[in-house]
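Novice:
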Amino acid sequence: MKPQRALLYHFRGGVKGGYIQPKQRVMIESQRHSYHLVDPSPWPISVFTRSFGNHRRRCDVHAPIQGGATLLSLGLIFLLYTMFVWWRDVLRESTLEGHHTKVVQLGPRYGFLLFIVSEVMFFFAFFRASSHSSLAPTVEIGGIWPPKGIGVLDPWEIPFLNTLYSPFIRSCRNLGSSCYTRGEGKTSSLRFSSYRFTGSSTLFSIICGIRQYLGHLTKEHHVGFESSCM
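For the sequence shown, my numbering begins at 10 and goes up steadily by one.
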């Protein structure tokens, strides 16, 4: 892996007696690793403060305070703006500055993998509770499952449709990813986006389509596209 750009730190000050002052020196280092040293950014602390403020204003909405809903709306707008400029900086670091090497790309990959694992564990708790209630119904529900007065969905209607939906989307994801392998990146987002019509997945697909049109996604670098397919 080739080293990234040389890092040049400028400290204001002069040279006295042929020596650089300890607190006012010029230090030039060559980055000989593939990791990205992120520049100082105001967006993390900005997101934290605005998220905390939104929670506080959400409490004001339920309390008899005039203007609480307006403040909450403004806070959400500022939060969305901060998220936009933060992701804009990440895209610039990835595309124009070339900081996202293969080693750096492992971070988002592992992070999204852990997110999927957390989702599996989250829903496992619900399935475990449902299985326990059906296999060992308690006295409070009459010792039967399902309890009286509760309608049960036909497993061959919506549940069966959802079951078919998951492998169908997975096959579309593999089709879109294979386009990058064959060098047909321009059609990958279009083929994939044609089958994603659900909420945030549609938004992510649209963003990936725009990035593909701008030439951000390549054969070696399309982590965002892979994450949107999950």
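C-beta atoms are modelled at their ideal positions from N, C-alpha and C, and glycine is treated no differently. What you are looking at is a predicted structure, and each value in this text was computed from that prediction instead of being measured.
Roughly how many angstroms separate the alpha carbons of VAL148 and PHE177, rounded to a whole number?
Specialist: Straight-line Cα distance between these residues: approximately 42 angstroms.
Novice: Let's test the definition: count the other Cβ atoms within 10 Å of the Cβ of CYS68 and tell me whether it reaches 16, buried, or not, exposed.
Specialist: exposed
Novice: Once the 5 residues before and after TRP95 are set aside, which same chain residues still bring their CB inside 6 angstroms of it?
Specialist: TRP52
Novice: At what residue ranges does the region 75–150 contain a whole run of the alpha helix (DSSP H), taking only runs of 4 or more?
Specialist: The alpha helix (DSSP H) runs lying completely inside the region 75–150 and spanning 4 residues or more are 77–104, 111–144, given in chain order.
Novice: Mind the definition here: the region 40–59 touches the region 78–95 only if three or more C-beta pairs lie below 8 angstroms; say whether that holds.
Specialist: yes
Novice: LEU300: buried (16+ other C-beta within 10 angstroms of its C-beta) or exposed?
Specialist: Given that the chain is displayed from residue 10 to residue 239, the structure contains no residue 300 and the question cannot be resolved.
Novice: For SER2, does the count of other Cβ atoms within 10 angstroms reach 16, so buried, or fall short, so exposed?
Specialist: Because the chain here runs from 10 to 239, residue 2 falls outside it and cannot be looked at.
Novice: With a CB to CB cut of under 8 angstroms and the five nearest residues on each side skipped, what residues in its chain are close to PRO146?
Specialist: Excluding positions up to five away in sequence, the list reads GLY152, ILE153, TRP154, PRO156.
Novice: Among the residues of its own chain, which have a CB less than 8 angstroms from the CB of SER50, if the five just before and after it don't count?
Specialist: TRP95, ASP98
Novice: Can you name, in chain order, every residue of its own chain whose Cβ lies under 8 angstroms from the Cβ of THR241, other than the five neighbours on each side?
Specialist: The shown model of the chain, from 10 to 239, leaves out residue 241, and the question about it has no answer.
Novice: Should HIS141 be labelled buried (16 or more other beta-carbon atoms within 10 Å of its own) or exposed?
Specialist: exposed
Novice: Is DSSP giving ARG41 helix, strand or coil here?
Specialist: coil
Novice: Would DSSP call THR227 helix, strand or coil?
Specialist: DSSP places THR227 in coil when its eight states are reduced to three.
Novice: Less than 8 angstroms between C-beta atoms, sequence neighbours within five positions excluded: which residues of the same chain meet that for VAL113?
Specialist: SER43, TYR44, HIS45
Novice: Distance, Cα to Cα, THR227 vs SER143?
Specialist: Pairing THR227 with SER143, the inter-Cα distance amounts to about 49 angstroms.
Novice: For GLY120, count the other beta carbons within 10 Å of its own beta carbon; 16 or more makes it buried, fewer makes it exposed. Which is it?
Specialist: Looking at its Cβ environment, which holds fewer than 16 other Cβ atoms inside 10 Å, GLY120 is exposed.
Novice: For a test of the three-state rule: what should DSSP assign to GLN165, helix, strand or coil?
Specialist: One point to set straight first is that residue 165 is Trp, not Gln, in the sequence displayed. The three-state secondary structure of TRP165, taken from DSSP, is coil.
Novice: Count the other CB atoms within 10 Å of the CB of GLY160; is the residue buried (16 or more) or exposed (fewer)?
Specialist: exposed
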